[in-house]
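Worksheet for the structure shown next.
In our numbering, the protein residues as written are 4 to 261.
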């Protein structure tokens, strides 16, 4: 495994501390590139704030800490600094303005809620409502069209339990758009190692048939996740089983380029 761009820090309130340990584990695993992409700050109206993401006032420390480590480890591994970001149309422009104050190497799309989050369906919770999956895919497609995202994290996060044929239609729509846009989709190691409903066999089948580019993403919330040979072996087996179009690296889209 050459790279991982999906790594969290303690600032999101649900990941282990000490960025140095993440880097050491990545080096031990033979990674050449390690991207940190903690859950982005966001700017919502009123007093609402989601507890699983970094707060804006921690962003400067995030970059200061990682830029120092990037310099310290430059001869051993290439450190990149970004965010895992939702696409919420009502608040996205304000977030982009905020990003301009920092050297953001890339953002990956992790659509944890549909619509604009407040009062909306959490994407990680299965649903039998077809319209929720359709809206989820609509938003992923809209996000691709913005041109800001480097790849889509856990694209099969939202599981619709109502009808496999409907889910197939939606996954096909997403994969076809991703192929046309050269947008990689992630095979998520956290879901694989913890026995979650993703990576989805249904999604992987369609991904293999459409030859959409697939990138490995550890989704590391603890340093040890970056060096788990068994998870890597299982992911590689899935690639072979579904004939996935696995890519080893991606071209980052830096926010400062816009």
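Where is the CB? At the ideal position from N, CA and C, for every residue including glycine.
A quick note: this is a predicted structure, and the numbers were derived from the prediction, not measured.
Give a yes or no on whether the C-beta atoms belonging to residue i and residue j are separated by under 8 angstroms.
{"i": "residue 252", "j": "residue 65", "result": "no"}
{"i": "residue 229", "j": "residue 7", "result": "yes"}
{"i": "residue 227", "j": "residue 28", "result": "yes"}
{"i": "residue 98", "j": "residue 46", "result": "yes"}
{"i": "residue 135", "j": "residue 117", "result": "yes"}
{"i": "residue 85", "j": "residue 38", "result": "yes"}
{"i": "residue 40", "j": "residue 9", "result": "yes"}
{"i": "residue 147", "j": "residue 72", "result": "no"}
{"i": "residue 62", "j": "residue 111", "result": "no"}
From residue i to residue j, what distance separates their C-alpha atoms?
{"i": "residue 18", "j": "residue 132", "result": "31 angstroms"}
{"i": "residue 213", "j": "residue 113", "result": "22 angstroms"}
{"i": "residue 235", "j": "residue 189", "result": "13 angstroms"}
{"i": "residue 256", "j": "residue 109", "result": "5 angstroms"}
{"i": "residue 155", "j": "residue 122", "result": "23 angstroms"}
{"i": "residue 22", "j": "residue 165", "result": "41 angstroms"}
{"i": "residue 221", "j": "residue 238", "result": "10 angstroms"}
{"i": "residue 185", "j": "residue 158", "result": "15 angstroms"}
{"i": "residue 198", "j": "residue 206", "result": "16 angstroms"}
{"i": "residue 192", "j": "residue 77", "result": "26 angstroms"}
For residue i, which residues of its own chain have a beta-carbon under 7 angstroms away from its beta-carbon, when the five flanking residues on both sides are left out?
{"i": "residue 209", "result": "171, 174, 175 and 178"}
{"i": "residue 56", "result": "15, 42, 43, 44 and 45"}
Return the first residue and the last residue of the beta strand (DSSP E) that residue i is part of.
{"i": "residue 216", "result": "216-220"}
{"i": "residue 189", "result": "188-191"}
Got a sec, what are the start and stop residues for the alpha helix (DSSP H) residue i sits in?
{"i": "residue 209", "result": "204-213"}
{"i": "residue 174", "result": "167-184"}
{"i": "residue 236", "result": "232-245"}
Just to confirm my understanding: we take residue i, look at its own chain, exclude 5 residues before and 5 after, and list those with CB closer than 6 angstroms. What are they?
{"i": "residue 223", "result": "10 and 229"}
Does the beta carbon of residue i come closer than 8 angstroms to any beta carbon on chain C?
{"i": "residue 157", "result": "Among the chains in the structure shown there is no chain C, since it carries only a single protein chain."}
Unbroken beta strand (DSSP E) runs of length 3 or more, entirely within the region 32-96: which are they? Along the length of the region 32-96, whole beta strand (DSSP E) runs at least 3 residues long occupy 36-42 and 81-88, reported in chain order.
Taking the runs of the beta strand (DSSP E) that are 3 residues or longer, which of them lie wholly in the region 98-154? 109-112
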